[in-house]
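Novice: Can you keep this structure in mind? I'll have questions shortly.
Residue numbers (the UniProt record's numbering), protein chains in the order written: chain A, 1 to 457; chain B, 1 to 457.
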C-alpha cells in the first residue's frame, strides 16, 4: 500500500518525489530537538497549487498521513514526519506573485523565506511585520501555520494581524479561498483567522495575501538598562507599558542569559547587573518616546543608557537575537518553552521559574519578549534534546501550570506540535478540546492532515 | 409548546421575561429597515452569565429559535426577531468588570455601549479603537458579533484586532472561554477570531476581554479637499495610501452626499466641488504627516486646506458623521449597502455605481471610508425601507457583482444578517458555503442560534 502511494505520486508528479533515505532523514526533525519515530515514505516537492492538490487527493484516497513542511524551523515538533507518513514540502514554491503599493499587500507562495520577502518589500518601501527570531530561515507559510510572533508583537501584532487572505488546499484536494483582498470584509465566518495557527491540521496553505505596511523610517533609538535583579527588570518593563509607552522591542535577559551570551561573544555582560532590558522605539516621535522610557526605566531603578547610533544599536539587538544560538553553543541539551503571561505577572512568572529551577535542580534561563509577556524558559540538561528526561517534563508541566494560574498560556508563539499536545487539554478544558477536534473533522474527515500534531493521535 | 417555553423561562428567570406586545414590536426591526415577519414569543433580559445559560438550555431543549440582541443598531437584519422566536437581550449586562492599565486590556459585559466604554477608558488614558458610526448607540457585544469597522480601520484595524478573549455560551448552555488574556497565544484553533463576526449564529458572547491602547494625544490635524469629480477624489485617496502615508481617517463624500449633507446643515458644500475628501492624522508626527498628505492631495488636483483648530476639525468630521442622518432626513426610503474593494479600485467602483444608478434610474449616494476601500452605496427609493422594490434588489445585486469583479466583497462591516444572505453563496462559492454551515453545526447542532441569519434557513 505505501509503495503503491509513492508509485502513484511518482507517476503523477515526475521529478518531484524523493525517497532517498538521506534526503528523508532530516525531515524527522525540526529545531526543537523532537524526532519522529521511523522515517517518512517520501517527500514531494510541490511546484504549484495543482501539485499540492494532487498530493492531497492521493493521500486522502489512500488514507496516508500528510505532513506539510516549510523550512523545518519549528520549535514544537509540528512539521516532523515519521513512519508511514508523506511529507509535502513547499520549498520550491517561493514566488512573489504580486506586490501592490496602493493596496499595501503582497501575494506570495508559502515556501518563501520571511527575510527574502522583506528584502523584496524594502525595495518598494514596504514591510511585513511578523518578525520571528527565525526570520532568515523560516517560511511565510510556516509563519502563518504557526501564527508566528517575535520581538515586535506588542506594537505591531502577531502574524494573524498581517494576513488578509489565504488559498488553502483541503484534505480532499479542493481549493478554498478564505479572507479578503480588502482591509475590511465580514462575509461569513473568519476561516482565514481559523487557518492561521492551525499547524497544518486543517489544510495546506498554497498562497497568502499579506497585509504589508510602509517601512518604518527614521532614527531607531535603543536603550540598554541593567538591573540588580530579574524581578526589577520585569517590573520595569511592566512600568513602561503601564505608562502608555509603546516600544517596538522590549526584551529581557535574565542572569543566566547574560552570562551565556557574554561567554558566546567573549564579552562581560554580567558585571553590570543581574538582568537586562533591551528597548527600541521607532516611527515618528521615536526619540521623544525613548526619552520618556529612559526616564521611566531609571525611575524604577535601572542603570540605563540611550543610543541613536545605528551600529551600537545593532550590536545591542544582536545580543538578544543571538541568545538562542548562545544557548545552543553551550552544547547542553535543551527543551525550549514558550509560556506567555499578562504583562503585570512577569515578575511572578520569573519567581515561579526560579522556584521550579531550584526544586528540580535544572537550569532554566528564560529570555523573554517582555513587551508582550512571552517567556522562553529553556530547560538545560545533559544528554540529547531528542530525549527529554521525565524530570524535565515534570518541571515543564509545573511551569505550564504556573503560567495558567497567572492567567497565561502554555504557548505564546511556538505552537503545540507534538511537544505540547499532552498538555493542551489542560489549557482548553475537555469540552473545548473536543469542540476543536470536531472542527478538524469538518475540514479533514479522514484525519490525514498532520495527524498526531496539536491533538493526540 | 411556545407558551410552555415562555412559562418555563418565567419560572426560571422571574422579572426578566417580557411578553408585552408593545415591548416586542421594536425587536422585529433594526436600523436597516428590515422587519421580521410576525412577532417574537418573548424577550429575556439576561442579567448574568447564568441567565444566558438558562435561556440557551431552555431554547435548545425545546428547539426554540433564539435571537441575541444588543441595542438593535444593526444594518443587515442580523438581530431582528419574528414569529416563534425568542429574543435574548444583553441590554442589562453593561458592567465593566476590569480595566488593567499594565495589561492594556478591559473586561466588559456585552451590553455596554461602545461610547460609554470609551468614556470610562479615557479617564484612565486608554482607548478601544473600534469606531463604528453607531458608537453612541451600539454595544460592544454587537460590535464584536459583527466585527464592526468604522472610520479608523486602515490605521487601527477592525474589531477583530481589538479583542483578546471571549466568554461565549453555546447553544446547549455550556460556557466556552476562547482566546487569551495575553498578547500572544497559539494553543489550538483561534476560536476567538471565529466567534468575531459570527452574527450570533455560533454562540452568545457574555464577556469580552478587549485589547485597549493608550489614548491618542496631541494635535489632530484635519484636511478638507474638494475635487472636480468623484474619480479624482477616489484617485487622490489611493495616492495618499500609495505614498506610504497612514491617515487615521480618510473619508469620501460624493456629489449627492455633499448636496444632502449641505441641505441638512443648511450650508453650501456643493459649490466648492463635486467630491470631498476628509482626512485626519494623529499621533506623534501627525502635523508632518498631514503636511505630506496635503502636498499629495494638492498634487493630484485637490483644492485642500489644513487646519489644526479643534473646533473647525470637529465640524468637518461631523459633516461625515452626520451623512447617514442627513440621508434619513430626506424622508426617502433607503437600502444601505456596504461593499469594499481594494483601494486602487475605488475609482472603478464609483464608475460602476454611476452606471448602475443610470441603468436603474435610482439615486445611489455612496459615502465611503476611502482609506480602507469600504463604500456605503445607499439606494434611495419611494416607499418604505422595509419593502425594498425588486428593481432596487436587482441594482444591488449588480453592485455586489461589480465589487466581486473588482476583487472586493459584498460586506465590509455591516455583515450578512437577513438582508444579504441570498447573495452570500455568490461570494463564498458553494463549497465554502457548505463548509461554513458544517462549522455552524459543530457549535449548534440543533440550529437554534439565530437561524435564517447569514445562511438561508
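Yeah, the Cβ is synthetic: ideal placement off N, Cα and C, and Gly gets one too.
Going by beta carbon distance, what residues of the same chain come within less than 8 angstroms of residue 54 of chain B, once the five residues before and after it are set aside?
Specialist: Within the second chain, the letter at position 54 stands for residue 54 of chain B. Cβ within range, chain order: 9, 12, 13, 173.
Novice: Taking the straight line between their C-alpha atoms, what separation do you get for residue 72 of chain A and residue 178 of chain A?
Specialist: As a working note, residue 72 of chain A is residue 72 in the first chain. As a working note, residue 178 of chain A is residue 178 in the first chain. Spanning the two alpha carbons is a distance of roughly 25 angstroms.
Novice: The alpha helix (DSSP H) with residue 12 of chain B in it runs from where to where?
Specialist: The residue given as residue 12 of chain B occupies position 12 in the second chain. Residue 12 of chain B -> alpha helix (DSSP H) spans 2-12.
Novice: Name the chain A residues that come within less than 7 angstroms of residue 184 of chain B, Cβ to Cβ?
Specialist: Here the question's residue 184 of chain B lines up with position 184 in the second chain. Those within 7 angstroms of residue 184 of chain B in chain A are 149, 153, 158, 340, 372, 374, 412, 413.
Novice: Could you check if residue 109 of chain A is buried or exposed, using at least 16 other CB atoms within 10 Å of its CB as the buried criterion?
Specialist: Along the first chain, one-based indexing puts residue 109 of chain A at 109. It is buried - the Cβ of residue 109 of chain A has at least 16 other Cβ atoms within 10 Å.
Novice: Which residues, in order along the segment 227-239 of chain B, keep a beta-carbon less than 7 angstroms from a beta-carbon of chain A?
Specialist: The segment 227-239 of chain B vs chain A, Cβ under 7 angstroms: 238.
Novice: Contact defined as beta carbons within less than 8 angstroms: I believe residue 493 of chain B pairs with residue 27 of chain B. What is the distance between those atoms, to the nearest angstrom?
Specialist: This structure leaves residue 493 of chain B out entirely; chain B is present only between 1 and 457.
Novice: 8 angstroms is my cut-off, CB to CB: does residue 204 of chain B come that close to chain A?
Specialist: Stepping through the second chain from its first residue, residue 204 of chain B is reached at position 204. No, no contact with chain A.
Novice: With a threshold of 8 angstroms between beta carbons, is residue 27 of chain B in contact with chain A?
Specialist: Stepping through the second chain from its first residue, residue 27 of chain B is reached at position 27. Residue 27 of chain B does not count as touching chain A.
Novice: Buried or exposed for residue 481 of chain A, going by 16 or more other Cβ atoms inside 10 Å?
Specialist: Absent from the structure is residue 481 of chain A, since the part of chain A shown begins at 1 and ends at 457.
Novice: Under 8 angstroms, Cβ to Cβ, is there at least one residue of chain A near residue 439 of chain B?
Specialist: For the purposes of this step, residue 439 of chain B is identified with residue 439 of the second chain, where counting begins at 1. Yes, residue 439 of chain B lies at the interface with chain A (some Cβ there is under 8 angstroms from its Cβ).
Novice: For residue 137 of chain B, name the three-state secondary structure that DSSP assigns.
Specialist: Reading the second chain from its first residue, position 137 is the one you call residue 137 of chain B. Residue 137 of chain B falls in the coil class under three-state DSSP.
Novice: Cβ of residue 190 of chain B within 8 angstroms of Cβ of residue 197 of chain A?
Specialist: Residue mapping note: residue 190 of chain B aligns to position 190 of the second chain, counting from 1. Residue mapping note: residue 197 of chain A aligns to position 197 of the first chain, counting from 1. For residue 190 of chain B and residue 197 of chain A, yes; Cβs fall inside 8 angstroms.
Novice: Taking the CB atoms as reference points, tell me whether residue 165 of chain A and residue 181 of chain A lie closer together than 8 angstroms.
Specialist: On the first chain, residue 165 of chain A is found 165 positions in, with the first residue counted as 1. On the first chain, residue 181 of chain A is found 181 positions in, with the first residue counted as 1. Yes, the Cβ-Cβ distance between residue 165 of chain A and residue 181 of chain A is below 8 angstroms.
Novice: Please name the residue in B/396, B/155, B/290 whose C-alpha comes closest to that of residue 355 of chain B.
Specialist: Residue numbering aside, residue 355 of chain B sits at position 355 when the second chain is read from its first letter. Of the listed residues, the one whose Cα sits closest to residue 355 of chain B is B/396.
Novice: What are the complete alpha helix (DSSP H) segments, minimum 4 residues, inside the segment 156-224 of chain B?
Specialist: 191-195, all fully within the segment 156-224 of chain B.
Novice: From the DSSP output, in three-state form, read off residue 432 of chain B for me.
Specialist: Sequence index remark: in the second chain, residue 432 of chain B carries index 432 (1-based). In the structure shown, residue 432 of chain B sits in a helix (DSSP, three-state: H, G or I).
Novice: For residue 454 of chain A, report the span of its alpha helix (DSSP H) as first-last.
Specialist: One-based indexing of the first chain puts residue 454 of chain A at position 454. First-last for residue 454 of chain A: undefined, no H or E at that position.
Novice: Should residue 276 of chain A go down as buried or exposed, given a rule of 16 or more other Cβ atoms within 10 Å for buried?
Specialist: Residue 276 of chain A sits at position 276 when you count from the first residue of the first chain. Looking at its Cβ environment, which holds 16 or more other Cβ atoms inside 10 Å, residue 276 of chain A is buried.
Novice: Per DSSP, what kind of secondary structure is residue 265 of chain A in: helix, strand or coil?
Specialist: To locate residue 265 of chain A, count along the first chain from 1; it is residue 265. Residue state, collapsed to three classes: helix.
Novice: Could you have a look at residue 143 of chain A and say whether DSSP puts it in helix, strand or coil?
Specialist: Along the first chain, read from residue 1 onward, the residue named residue 143 of chain A stands at position 143. Residue state, collapsed to three classes: helix.
Novice: Between which residues of its own chain and residue 253 of chain A is the CB-CB distance below 6 angstroms, once the five residues before and five after are set aside?
Specialist: The residue labelled residue 253 of chain A in the question sits at position 253 within the first chain. Only 276, 367 meet the Cβ criterion.
Novice: Cα separation between residue 218 of chain B and residue 286 of chain B?
Specialist: By one-based count along the second chain, residue 218 of chain B stands at place 218. By one-based count along the second chain, residue 286 of chain B stands at place 286. Rounded to whole angstroms, residue 218 of chain B to residue 286 of chain B spans 8 angstroms at the Cα level.
Novice: Does the pairing of the segment 90-103 of chain A with the segment 216-234 of chain A give three or more beta-carbon distances under 8 angstroms?
Specialist: Touching, no.
Novice: Check each candidate in B/60, B/349, B/261 and name the one with the smallest Cα separation from residue 318 of chain B.
Specialist: As a working note, residue 318 of chain B is residue 318 in the second chain. Closest by alpha carbon: B/261.
Novice: Out of B/162, B/155, B/337, which one is the CA nearest neighbour of residue 280 of chain B?
Specialist: Within the second chain, numbered from 1, the residue matching residue 280 of chain B stands at position 280. Answer by Cα proximity: B/155.
Novice: Measuring only between beta-carbons, confirm whether residue 293 of chain B sits less than 8 angstroms from chain A.
Specialist: In the second chain, counting from the first residue as 1, residue 293 of chain B sits at position 293. Taking Cβ atoms only, chain A never reaches closer than 8 angstroms to residue 293 of chain B, which makes this a no.
Novice: Could you give the C-beta distance for residue 128 of chain A and residue 206 of chain A, rounded to a whole number, given that I count them as a contact under 8 angstroms?
Specialist: Indexing the first chain from 1 puts residue 128 of chain A at position 128. Indexing the first chain from 1 puts residue 206 of chain A at position 206. That belief does not hold up - the Cβ atoms of residue 128 of chain A and residue 206 of chain A are roughly 18 angstroms apart, past 8 angstroms.
Novice: So which residues on chain B does residue 408 of chain A lean against when the C-beta distance must stay under 9 angstroms?
Specialist: Taking the first residue of the first chain as 1, we reach residue 408 of chain A at position 408. By Cβ distance, chain B contributes 180, 181, 182, 185.
Novice: With the cut-off set at 8 angstroms, would you say residue 237 of chain A and residue 370 of chain A are in Cβ contact?
Specialist: Indexing the first chain from 1 puts residue 237 of chain A at position 237. Indexing the first chain from 1 puts residue 370 of chain A at position 370. Cβ atoms of residue 237 of chain A and residue 370 of chain A: closer than 8 angstroms.
Novice: Where do the ends of the beta strand (DSSP E) carrying residue 295 of chain A lie?
Specialist: For the purposes of this step, residue 295 of chain A is taken as the residue at position 295 of the first chain. Here residue 295 of chain A belongs to no beta strand (DSSP E); instead the alpha helix (DSSP H) covers 286-299.
Novice: Comparing C-alpha positions only, which one of B/309, B/294, B/337 sits nearest to residue 463 of chain B?
Specialist: What is shown of chain B runs 1 to 457, which leaves residue 463 of chain B out entirely.
Novice: Output the residue ranges of the alpha helix (DSSP H) runs that lie fully inside the segment 10-40 of chain B and measure 4 residues or longer, sorted by chain position.
Specialist: Correct list: 21-24.
Novice: Taking just the CA atoms, how far does residue 23 of chain A sit from residue 64 of chain A?
Specialist: Locating residue 64 of chain A in the first chain gives position 64, counting from the first residue. Locating residue 23 of chain A in the first chain gives position 23, counting from the first residue. Straight-line Cα distance between these residues: approximately 20 angstroms.
Novice: In terms of residues, what are the limits of the alpha helix (DSSP H) holding residue 346 of chain A?
Specialist: To locate residue 346 of chain A, count along the first chain from 1; it is residue 346. First-last of the alpha helix (DSSP H) with residue 346 of chain A: 346-360.
Novice: Going by CA-CA distance only, name the one from A/6, A/346, A/132 that's closest to residue 84 of chain A.
Specialist: Mapped onto the first chain, residue 84 of chain A falls at position 84. If we check each option's Cα against that of residue 84 of chain A, A/6 comes out closest.
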